[in-house]
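Number of protein chains: 2
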Amino acid sequence: MLPGNEPVRAPYGIEIIESCLSCPYREDRMFCNLPPAPAQALAAITSAAAYPKGATLFVEGQSPRGVFILCNGRAKLSTSSADGRSLILRISEPGEVLGLPATVTGKPYELTADVIEPTQANFISREDFLRFLREHGEAALRVAQQLGETYHSAVAEMRTIGLSHSAGEKLARFLLDLSADHDEGKGEVRLTLTLTHEEIGQMIGTSRETVTRLFAAFKKGQLLQVKGSTVIIKNKAGLEGVVGA
Amino acid sequence: MLPGNEPVRAPYGIEIIESCLSCPYREDRMFCNLPPAPAQALAAITSAAAYPKGATLFVEGQSPRGVFILCNGRAKLSTSSADGRSLILRISEPGEVLGLPATVTGKPYELTADVIEPTQANFISREDFLRFLREHGEAALRVAQQLGETYHSAVAEMRTIGLSHSAGEKLARFLLDLSADHDEGKGEVRLTLTLTHEEIGQMIGTSRETVTRLFAAFKKGQLLQVKGSTVIIKNKAGLEGVVGA
DNA sequence: GTGGCAGCGTGACGGCCATCACAGCCAGGA
DNA sequence: TCCTGGCTGTGATGGCCGTCACGCTGCCAC
Numbered sequence: 189m190l191p192g193n194e195p196v197r198a199p200y201g202i203e204i205i206e207s208c209l210s211c212p213y214r215e216d217r218m219f220c221n222l223p224p225a226p227a228q229a230l231a232a233i234t235s236a237a238a239y240p241k242g243a244t245l246f247v248e249g250q251s252p253r254g255v256f257i258l259c260n261g262r263a264k265l266s267t268s269s270a271d272g273r274s275l276i277l278r279i280s281e282p283g284e285v286l287g288l289p290a291t292v293t294g295k296p297y298e299l300t301a302d303v304i305e306p307t308q309a310n311f312i313s314r315e316d317f318l319r320f321l322r323e324h325g326e327a328a329l330r331v332a333q334q335l336g337e338t339y340h341s342a343v344a345e346m347r348t349i350g351l352s353h354s355a356g357e358k359l360a361r362f363l364l365d366l367s368a369d370h371d372e373g374k375g376e377v378r379l380t381l382t383l384t385h386e387e388i389g390q391m392i393g394t395s396r397e398t399v400t401r402l403f404a405a406f407k408k409g410q411l412l413q414v415k416g417s418t419v420i421i422k423n424k425a426g427l428e429g430v431v432g433a
Numbered sequence: 189m190l191p192g193n194e195p196v197r198a199p200y201g202i203e204i205i206e207s208c209l210s211c212p213y214r215e216d217r218m219f220c221n222l223p224p225a226p227a228q229a230l231a232a233i234t235s236a237a238a239y240p241k242g243a244t245l246f247v248e249g250q251s252p253r254g255v256f257i258l259c260n261g262r263a264k265l266s267t268s269s270a271d272g273r274s275l276i277l278r279i280s281e282p283g284e285v286l287g288l289p290a291t292v293t294g295k296p297y298e299l300t301a302d303v304i305e306p307t308q309a310n311f312i313s314r315e316d317f318l319r320f321l322r323e324h325g326e327a328a329l330r331v332a333q334q335l336g337e338t339y340h341s342a343v344a345e346m347r348t349i350g351l352s353h354s355a356g357e358k359l360a361r362f363l364l365d366l367s368a369d370h371d372e373g374k375g376e377v378r379l380t381l382t383l384t385h386e387e388i389g390q391m392i393g394t395s396r397e398t399v400t401r402l403f404a405a406f407k408k409g410q411l412l413q414v415k416g417s418t419v420i421i422k423n424k425a426g427l428e429g430v431v432g433a
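Here the protein sequences come in this chain order: A and B.
With our numbering, the residue at position 35 of the first sequence is 223, and numbering never jumps.
With our numbering, the residue at position 117 of the second sequence is 305, and numbering never jumps.
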């Protein structure tokens with residue numbers, strides 16, 4: 189069964205896989221460690237599918253069909269304006285649930301979700317999902333928690349975009365936010381950044397060229413090194429200085 | 189009883205009122221039309237208080253004490269950076285629940301809530317609130333819905349801040365967003381805007397002077413009129429044109 | 001009345017960065 | 001092998017708007 193009442197039929201071939209309820213990442217996320225009954229109920233309404241790079245899960249403005257749970261692969265959540273500019277709010281990681289706010293409230297999806305790596309995802313239709321939540325209060329609480337965290341990260345991005353005077357400050361904030369997740373080995377932080385300069389610009393609200401120039405400036409100032417898609421922050425304090433300035 | 193385990197003792201005198209569970213606005217909001225049992229349980233853990241203009245309900249970074257439900261009056265939700273700049277995310281209206289994301293997730297409050305009018309609010313401590321949600325699944329679902337809407341409006345503000353090239357575009361977007369709520373009488377929209385230019389600037393990420401100049405420009409262009417704290421949008425299409433440009 | 005203060009209006013200046021334009025570079029495909 | 005297309009690097013230019021500075025009004029307290 190294809191996901192949704194308006195199935196994503198799409199130009200690209202979607203290949204249905206047996207189930208990815210058994211995929212990794214599942215354990216430590218939203219609907220895990222549920223008591224057996226709800227877990228089973230959940231499995232019954234879930235359908236899995238695979239999406240190629242570039243596929244679109246849902247589009248800003250569509251009425252909500254349901255939620256997608258990423259098993260592996262990542263997706264880009266963005267919004268765009270009439271004149272073609274777009275703003276990336278978030279890159280979703282495996283285990284995250286996409287389309288949750290719209291599905292819960294019934295308002296249109298506020299963002300567009302594009303898969304940026306080959307991805308397997310579980311789909312649950314809005315109808316089924318709401319019924320499930322009504323019947324399993326403990327799951328509703330977890331949904332509320334995930335929504336709270338989503339909001340939290342949205343506020344964090346608002347801070348980097350809204351509270352900076354300069355583009356340099358935005359980029360520094362952005363990198364520091366990223367590095368917050370990653371480990372910190374002997375003073376330097378490594379992070380892999382599989383985003384183009386264009387996309388980074390869309391995340392922090394500046395142009396592609398500015399991102400290029402800023403990276404050059406940061407490298408020149410010994411703040412970081414770039415090797416392919418890995419960024420090594422050599423001087424975290426220095427970056428924090430850029431933010432403070 | 190004063191609200192919270194870290195009561196807001198504060199320089200200003202907080203005056204405890206009997207209860208504002210009976211206040212207006214209550215009917216059409218989050219915890220209304222609940223079946224009798226949960227409604228009663230909710231009442232039992234709720235304590236009411238009054239706050240003068242300028243009072244602070246909670247501060248960004250504090251660990252979450254609980255939620256505040258505005259009975260009347262309004263509150264300003266903002267975040268600020270080390271150098272004193274601040275960004276207002278939202279002006280909350282009566283009936284809204286403040287501090288919900290932090291209370292649900294357990295992460296620190298991400299925003300600061302300042303009362304901007306004399307306000308009555310109900311307080312529920314985090315502990316009580318979470319217990320209540322666990323015991324009453326249907327309420328958890330409503331919480332999820334409110335969180336979804338909060339997220340929705342956060343995204344809307346991100347759009348106005350992040351997707352505009354010019355400050356004029358931001359202000360136009362801001363006014364149009366506001367006018368979306370208000371009635372539209374014979375081509376023109378009236379809205380009351382009890383914010384200073386400074387505050388408007390903090391909402392859209394520009395300086396006070398720019399807001400002043402833009403209002404002047406919009407008036408000159410016959411797009412709107414300002415009388416005291418009421419703004420009359422004379423030419424909505426024109427404003428939309430500013431956004432499109 | 002009068003001082004003080006918060007908010008608004010307006011000019012001048014300068015810096016930042018978006019934009020345009022073009023040149024290398026690399027990967028992948030014909 | 002060369003071509004093609006996406007990505008990155010870099011210069012030149014110009015405009016927007018942040019910032020500083022100052023004056024104005026209206027309001028409240030004393």
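Think of the CB as a built atom: it goes at the ideal place given N, C-alpha and C, for glycine as much as any other residue.
With H, G and I counted as helix, E and B as strand and the rest as coil, what does DSSP make of residue i?
i: Lys358 (chain A); result: helix
i: Thr293 (chain A); result: helix
i: Leu277 (chain A); result: strand
i: Tyr213 (chain B); result: Confidence at Tyr213 (chain B) is low in this model, with a pLDDT of 42, below 50, so the placement of that residue should be treated as unreliable; the coordinate-derived value is given next. In this structure, Tyr213 (chain B) counts as coil in the three-state DSSP scheme.
i: Val434 (chain A); result: Residue 434 (chain A) cannot be examined here, being either before or after the span of chain A that is shown, 189 to 433.
i: Ala332 (chain B); result: helix
i: Ala236 (chain B); result: strand
i: Ala270 (chain B); result: coil
i: Ile304 (chain B); result: coil
i: Gly375 (chain A); result: coil
i: Gln413 (chain B); result: strand
i: Gly254 (chain A); result: strand
i: Thr338 (chain B); result: helix
i: Ser367 (chain B); result: helix
Going along the chain, which residues of its own chain have a beta-carbon closer than 6 Å to the beta-carbon of residue i, five neighbours each way excluded?
i: Lys358 (chain A); result: Thr348, Ser352, Ile392
i: Leu402 (chain A); result: Gly356, Leu359
i: Thr234 (chain A); result: Asn310, Ile312
i: Val431 (chain B); result: Glu357, Ala360, Arg361
i: His385 (chain A); result: Arg396, Val399, Thr400
i: Asp216 (chain B); result: Bear in mind that the predicted position of Asp216 (chain B) carries a pLDDT of just 45, short of 50, making it too unreliable to give a figure here.
i: Phe406 (chain B); result: Leu412
i: Ala301 (chain B); result: Leu245, Phe246, Ala263, Leu265, Leu286
i: Ala433 (chain A); result: none
Using the rule of at least 16 other Cβ atoms within 10 Å of the residue's Cβ for burial, across every protein chain shown, is residue i buried or exposed?
i: Gln410 (chain B); result: exposed
i: Arg330 (chain A); result: buried
i: Ala328 (chain A); result: buried
i: Glu323 (chain A); result: exposed
i: Glu298 (chain B); result: buried
i: Gly242 (chain B); result: exposed
i: Val414 (chain B); result: exposed
i: Glu372 (chain B); result: exposed
i: Glu428 (chain A); result: exposed
i: Gly272 (chain A); result: exposed
i: Gln228 (chain B); result: exposed
For residue i, which residues of its own chain have a beta-carbon under 7 Å away from its beta-carbon, when the five flanking residues on both sides are left out?
i: Asn423 (chain A); result: Gln410, Leu411
i: Ala342 (chain B); result: Leu277
i: Lys408 (chain B); result: none
i: Asp316 (chain A); result: Ile233
i: Ala284 (chain B); result: Per the sequence shown, the amino acid found at residue 284 (chain B) is Glu instead of Ala. Cβ within range, chain order: Leu258.
Between residue i and residue j, is the Cβ-Cβ spacing less than 9 Å?
i: Leu335 (chain B); j: Pro282 (chain B); result: no
i: Ile276 (chain A); j: Ser269 (chain A); result: no
i: His370 (chain B); j: Leu379 (chain B); result: yes
i: Val255 (chain B); j: Arg319 (chain B); result: no
i: Ala263 (chain B); j: Ile304 (chain B); result: yes
i: Leu230 (chain B); j: Leu286 (chain B); result: no
i: Arg223 (chain A); j: Glu326 (chain A); result: Note that residue 223 (chain A) is Pro in the sequence shown here, rather than Arg. Their beta carbons are under 9 Å apart, which means Pro223 (chain A) touches Glu326 (chain A) by this criterion.
i: Thr394 (chain B); j: Glu337 (chain A); result: no
i: Leu363 (chain A); j: Ile421 (chain A); result: yes
Take residue i and list the residues in its own chain whose beta-carbon comes closer than 8 Å to its own, dropping the five residues that flank it on each side.
i: Leu381 (chain B); result: Leu366, Ile388, Ser417, Thr418, Val419
i: Pro296 (chain A); result: Glu248, Gly249, Gln250, Ser251, Pro252, Ala290
Consider the C-beta atom of residue i and the heavy atoms of the ligand ZN; say whether any pair is separated by less than 8 Å.
i: Pro306 (chain A); result: The ligand ZN is absent from the structure shown, which contains no ligands of any kind.
For this session: Could you list the residues in the segment 292-314 of chain B with a C-beta less than 8 Å from some C-beta on chain A, going in chain order?
Result: Val292, Thr293, Lys295, Glu298, Leu299
For this session: Name, going along the chain, the residues of the segment 234-263 of chain A whose beta-carbon falls closer than 9 Å to a beta-carbon of chain B.
Result: none
Problem set entry | Members of the segment 325-342 of chain A that neighbour chain B once the beta carbon cut-off is set at 8 Å | Gly325, Glu326, Ala328, Leu329, Val331, Ala332, Gln333, Leu335, Gly336, Glu337, Thr338, Tyr339, His340, Ala342
Exercise. Got a sec: which bits of the segment 276-291 of chain B sit with their beta carbon under 9 Å from any beta carbon on chain A, in order along the chain?
Worked result: Leu277, Leu288, Pro289, Ala290, Thr291
Exercise. Listed from N- to C-terminal order along the chain, which residues in the segment 406-418 of chain A have their beta-carbon within a distance smaller than 9 Å of any beta-carbon of chain B?
Worked result: none
Exercise. Taking any Cβ of chain A, which residues in the segment 349-364 of chain B have a Cβ under 7 Å from it, in chain order?
Worked result: Ile349, Gly350, Leu351
For this session: Note down, in chain order, all residues in the segment 388-400 of chain B with a beta-carbon under 7 Å from any beta-carbon belonging to chain A.
Result: Gly393
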